[in-house]
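Novice:
Below you can see the structure in the form of structure tokens.
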């Protein structure tokens, strides 16, 4: 796709380039009669208006995050403050990440002292309500889900100099593995690669570079990513110095004594009160939204949980969240069979900087742990793919050394055509009688998740797929769901300092048999709807986590499975359990995810429609944002009267450590602004020389 730039736009770029070189920081108002400027503060974003060639300051965004953590559930409030620093009435549209398991159930719109509660509506109806309020000049806000881990907030009719706040609340279950709890809050979106050709050509701007990375909003849609424009927010260039500051305040009531409390990617301050509750803040106060936040806490050895259950009675039904740690798996000695490892490493442009360094270090560590009984291969991919060997080979010391040298010379560039490499990793089979484990190292920066999930469903067979999320802001929805469908696990590595700490437990899991064929045995005539269904394989250090719904829960249940070649079972007492608000919403969010999985696999259009209606009704009942429901809030009183409204797609930050040029580069058919500046300088010099020559010749 070509970027069409008029001669007047060329002139605008040249003059702007010269002004920037002279030390200015202008906002542009370019039109047929020339260019006007006014000064703006350093770091302001200048966004295009509905008037051709006109740029004004974008609304600024601050985000405050408050977390209340108790038991296995966190209640999180995200407050986004939109400040209109311009002279026009503004609409802000902001795409932002949330945890992929977030059950978003509340939204409030705050204008001064007024608070408007958001209402859950069918998505198209909510959009119509928002658009009508927008046209009527009323303050209004809309929260929509683009992916389970990606949402959009739209807020309209922000007056010049006004601040409007949108508060979103959600519930999130904690992760417990390897004897420690953790909670991640995503702060950045790694730009998504959009594969395939555009469905319709776009005339006025480059929407993708030649390797498929979205550059501007809205992005072109493709057959495999029809909603590309919804998941590709514009990204600030390094020169724009975008901050989007974030503050985080956490109250942690762990319920047990801690052996460790840390945040691996941010410095924190913590203080414990007399009741043992921790109050945690960021040491720097506000931080840029350029990498994910994670909190990790570990109980002292004698207080490590064996089981935990929380309950809620909601609309005459009983809901429960149950965690059971299989107590004896680690002590059950099993013969470890020979294995075949297929390592798949992402070397696309989004893996530039720290990410490719982390991925290569993690892969080399895994290679060092291979034994002479194992077979292995390495597949790399970006806009193409290739492999170290035609198929898996025995891990001799010579081959392992050769493989490490091969990994060392890999570098990041190009797009992320993930599907061919994934398909090859799952389908290239040998006749060896070995357990085949595919280890996938990537940031998951793709927009065609559904297409990839279908590939896993179709070609998984008896493989096991383990995903390793690399970088400051990986696509955790894709990573976790791919591992779930692949009957493996998801591991997140955010910096090079934790490669050993994260890879060692994973490699230990890969060396041990899994707990498979898990079944839930209930008393006769007891009906309990349990999620996930079916139960997944479990690996060393992982608990069974169940969300349950019933008219009345039984007093006990039994879990059965196979560990290696040996039967395993445990009895769980369901009487008692602590009462917690939000357990019903957690169950509903997981049920919606289950319906979405079924809908993805369905081929019949009527079945897909029925599943859509099931999701819609469940989301409306539990007041949850989903693919088919949104939260909308409208102020009754119109605020804007006969004034134009300027819409802004707020820019996001490139995750820390990523190379902007490696990701976006420059399309071959586009004319770069720097070239405009150089040409402009050349023409200016030629113009001055020509003028002097004309003066000398008397022309």
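In the numbering used here, the protein residues as written are 1031 to 1729.
We treat Cβ as the ideally placed atom computed from N, Cα and C, and that holds for glycine.
Which complete alpha helix (DSSP H) runs does the region 1350-1410 hold, if anything under 4 residues is left out?
Specialist: Taking only runs of at least 4 residues, the alpha helix (DSSP H) segments lying wholly in the region 1350-1410 are 1384-1398.
Novice: Are residue 1468 and residue 1456 touching if we call contact CB-CB under 8 Å?
Specialist: Contact flag set, yes.
Novice: Just the C-alpha distance for residue 1127 and residue 1497, rounded to the nearest angstrom, thanks.
Specialist: Between residue 1127 and residue 1497, the C-alpha separation is close to 20 Å.
Novice: Cα separation between residue 1636 and residue 1645?
Specialist: About 14 Å.
Novice: Considering Cα atoms alone, identify which of 1599, 1571, 1591 and 1604 is closest to residue 1578.
Specialist: Closest option to residue 1578, Cα to Cα, is 1604.
Novice: Going by DSSP in three states, residue 1624 sits in which element: helix, strand or coil?
Specialist: In the structure shown, residue 1624 sits in a helix (DSSP, three-state: H, G or I).
Novice: Would the beta-carbon of residue 1251 fall within 8 Å of that of residue 1259?
Specialist: In this structure, residue 1259 lies closer than 8 Å to residue 1251 by Cβ.
Novice: What separation, rounded to the nearest whole angstrom, lies between the Cα atoms of residue 1509 and residue 1449?
Specialist: About 14 Å.
Novice: Any idea which residues DSSP pairs residue 1579 with across the strands?
Specialist: DSSP lists 1349 and 1559 as partners of residue 1579.
Novice: What's the C-alpha gap between residue 1690 and residue 1140?
Specialist: So the two alpha carbons sit approximately 35 Å from each other.
Novice: By DSSP, does residue 1103 sit in helix, in strand, or in coil?
Specialist: It is a strand residue.
Novice: Who pairs with residue 1648 in a beta bridge, going by DSSP?
Specialist: Paired residue(s): none; residue 1648 is not in a bridge.
Novice: By how many angstroms is the C-alpha of residue 1427 removed from the C-alpha of residue 1563?
Specialist: If I take the Cα positions, the gap works out to 43 Å.
Novice: Who are the near neighbours of residue 1179 in its chain, counting only those whose CB is closer than 8 Å to its CB and skipping five residues on each side?
Specialist: Answer for residue 1179: 1127, 1128, 1129, 1130, 1132, 1216, 1505, 1506 and 1507, listed in chain order.
Novice: Pick helix, strand or coil for residue 1597, following the three-state DSSP scheme.
Specialist: Reduced to three states, the DSSP call for residue 1597 is strand.
Novice: Based on Cα-Cα distance, which residue from 1458, 1183, 1153 and 1621 lies nearest to residue 1417?
Specialist: It is 1458 whose Cα lies nearest to the Cα of residue 1417.
Novice: At 3 residues or longer, what runs of the beta strand (DSSP E) sit wholly inside the region 1083-1166?
Specialist: Taking only runs of at least 3 residues, the beta strand (DSSP E) segments lying wholly in the region 1083-1166 are 1085-1087, 1090-1100, 1103-1113, 1119-1127, 1133-1141, 1144-1147 and 1149-1152.
Novice: Going by other Cβ atoms of all chains shown within 10 Å of its Cβ, with 16 needed for buried, is residue 1548 buried or exposed?
Specialist: Its Cβ being crowded by 16 or more others within 10 Å, residue 1548 is buried.
Novice: Just to confirm before moving on: does the CB-CB distance between residue 1688 and residue 1380 stay below 8 Å?
Specialist: Contact flag set, yes.
Novice: According to DSSP, is residue 1214 helix, strand or coil?
Specialist: Of the three classes helix, strand and coil, the one that applies to residue 1214 here is strand, per DSSP.
Novice: Pull the bridge partners of residue 1608 from the DSSP assignment, please.
Specialist: According to DSSP, which records beta bridges pairwise, residue 1608 is partnered with 1340.
Novice: Over the uninterrupted alpha helix (DSSP H) stretch that includes residue 1432, give me the two end residues.
Specialist: It spans 1427-1438 - the alpha helix (DSSP H) in which residue 1432 sits, taken as one unbroken run.
Novice: For the beta strand (DSSP E) containing residue 1173, list its first residue and its last residue.
Specialist: Run containing residue 1173: 1168-1177, per the beta strand (DSSP E) assignment.
Novice: Could you give the DSSP three-state label for residue 1450: helix, strand or coil?
Specialist: Residue state, collapsed to three classes: helix.
Novice: Taking a contact to mean a Cβ-Cβ separation below 8 Å, would you say residue 1110 touches residue 1220 in this structure?
Specialist: No; because the gap between Cβ atoms is not below 8 Å, this pair is not in contact.
Novice: Which residues in the same chain as residue 1123 place their Cβ atom closer than 6 Å to its Cβ, once the five residues preceding and following it in sequence are excluded?
Specialist: Cβ within range, chain order: 1184 and 1679.
Novice: Helix, strand or coil for residue 1693? Go by DSSP, reduced to three states.
Specialist: Reduced to three states, the DSSP call for residue 1693 is helix.
Novice: Between which two residues does the alpha helix (DSSP H) carrying residue 1509 extend?
Specialist: 1506-1515 is the extent of the alpha helix (DSSP H) around residue 1509.
Novice: What distance in whole Å lies between the Cβ atoms of residue 1422 and residue 1406, which are believed to be in contact at a cut-off of 8 Å?
Specialist: Correct: roughly 6 Å between the Cβ atoms.
Novice: Run through the DSSP bridge pairs and tell me what residue 1206 is partnered with.
Specialist: Bridge partners of residue 1206: 1211.
Novice: What residues are listed by DSSP as bridge partners for residue 1300?
Specialist: BP columns for residue 1300 point to 1310.
Novice: I'd like the span of the alpha helix (DSSP H) that includes residue 1417, first residue to last.
Specialist: Here residue 1417 belongs to no alpha helix (DSSP H); instead the beta strand (DSSP E) covers 1415-1417.
Novice: When DSSP labels each residue in this structure, what does residue 1273 get in the three-state scheme?
Specialist: Note: residue 1273 maps to coil in three-state DSSP.
Novice: Between the region 1478-1493 and the region 1393-1403, do at least 3 Cβ pairs fall closer than 8 Å?
Specialist: No: fewer than three Cβ pairs fall under 8 Å.
Novice: Could you check which residue in 1447, 1173 and 1415 has the C-alpha nearest to that of residue 1440?
Specialist: Ranking the options by Cα distance to residue 1440, first place goes to 1415.
Novice: Would you mind stating whether residue 1255 and residue 1477 have Cβ atoms separated by less than 8 Å?
Specialist: Yes, the pair counts as a contact, with Cβ atoms nearer than the cut-off.
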